[in-house]
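S.K.:
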Amino acid sequence: MRCIPFRYRSSDDESSDKVVEVLMIDTPSGPGLLFPKGGWENDETVEEAAVREAIEEAGVRGELMGFLGDYHFKSKTQQDEFSPDGLCRAAMYALFVNEELESWPEQNTRNRSWVTIPEAVEKCRHAWMTDALVLGFNKWHAENMSDE
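One point on numbering: in full-length UniProt numbering, the residue at position 50 of the sequence shown is 50, and numbering is uninterrupted.
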């Protein structure tokens with residue numbers, strides 16, 4: 001489960017427009033930035049898992065706002081006899097952030113960065129995450145949050 005945490009900030013110019021920022025995290029395993037992700041436990045829903053992973057990996061709490069779609073990717077760590085190619089599916093959600101925690105479980109191994117959507121596109125480690133941002137989040141945001 002993965003989510004794209006987002007917030008609004010005032011634009012730098014004198015207009016009343018708000019700029020959408022998304023929260024990305026780094027990992028020691030390589031360059032580029034990622035969105036919070038992980039599996040889900042037997043006693044939780046997919047949505048609950050997405051919220052939990054945002055707290056654990058990025059130190060943010062918020063309101064799950066919408067399903068952005070399922071995205072497929074390959075993972076070397078998920079290769080096994082049942083999936084020799086390591087094919088995985090990630091359900092992506094939009095998470096409106098209303099609290100940034102001072103401390104969180106994975107703060108010693110992850111840094112968080114608020115970036116604009118164009119910056120996020122440039123910094124995404126994986127092409128499928130860029131697709132989730134551009135095709136999933138941007139479309140969902142335009143259709144559901146146009147009054148913000």
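Ideal Cβ placement from N, Cα and C applies to all residues, glycine included.
Are the region 103 to 117 and the region 38 to 53 in contact at 8 angstroms, needing three or more beta carbon pairs?
M.R.: Segments in contact, no.
S.K.: Suppose contacts are defined by Cβ-Cβ distances below 7 angstroms. Is Phe73 in contact with Trp128 by that definition?
M.R.: Taking 7 angstroms as the Cβ cut-off, Phe73 and Trp128 qualify as a contacting pair.
S.K.: Note the first and the last residue of the continuous beta strand (DSSP E) segment covering Thr116.
M.R.: Run containing Thr116: 112 to 116, per the beta strand (DSSP E) assignment.
S.K.: So, helix, strand or coil for Thr109, using DSSP?
M.R.: Note: Thr109 maps to coil in three-state DSSP.
S.K.: Skipping 5 residues on each side, what residues in its chain have a beta carbon closer than 8 angstroms to that of Met145?
M.R.: Cβ neighbours of Met145 beyond the five flanking positions: Met65.
S.K.: Taking only the alpha-carbon atoms, compute the straight-line gap between Asp12 and Lys18 and give it to the nearest angstrom.
M.R.: The alpha-carbon atoms of Asp12 and Lys18 are separated by roughly 9 angstroms.
S.K.: Measuring only the C-alpha atoms, how far is Val121 from Glu44?
M.R.: Distance between the alpha carbons of Val121 and Glu44 is about 31 angstroms.
S.K.: Pull up the distance between the alpha-carbon of Leu68 and that of His126, whole angstroms please.
M.R.: The alpha-carbon atoms of Leu68 and His126 are separated by roughly 17 angstroms.
S.K.: Measure the beta-carbon distance from Glu21 to Val115 and round it to whole angstroms, keeping in mind my assumption that it falls under 8 angstroms.
M.R.: Correct: roughly 6 angstroms between the Cβ atoms.
S.K.: On the criterion of 16 or more Cβ atoms from any shown chain inside 10 Å, does Leu101 qualify as buried, or is it exposed?
M.R.: By the neighbour-count rule (16 or more Cβ atoms within 10 Å), Leu101 is not buried but exposed.
S.K.: Is His141 helix, strand or coil by DSSP?
M.R.: Here His141 sits in helix by DSSP.
S.K.: Where does Leu101 fall in DSSP's three states?
M.R.: Three-state DSSP puts Leu101 in coil, outside helix and strand.
S.K.: Taking the alpha-carbon positions, what's the Met24 to Pro5 distance?
M.R.: Roughly 8 angstroms between the two C-alpha positions.
S.K.: Looking at the unbroken beta strand (DSSP E) that takes in Arg7, where does it start and where does it end?
M.R.: 2 to 10 is the extent of the beta strand (DSSP E) around Arg7.
S.K.: Here's the rule: buried if 16 or more other CB atoms are within 10 angstroms of the residue's CB, otherwise exposed. What is Gly59?
M.R.: By the neighbour-count rule (16 or more Cβ atoms within 10 Å), Gly59 is buried.
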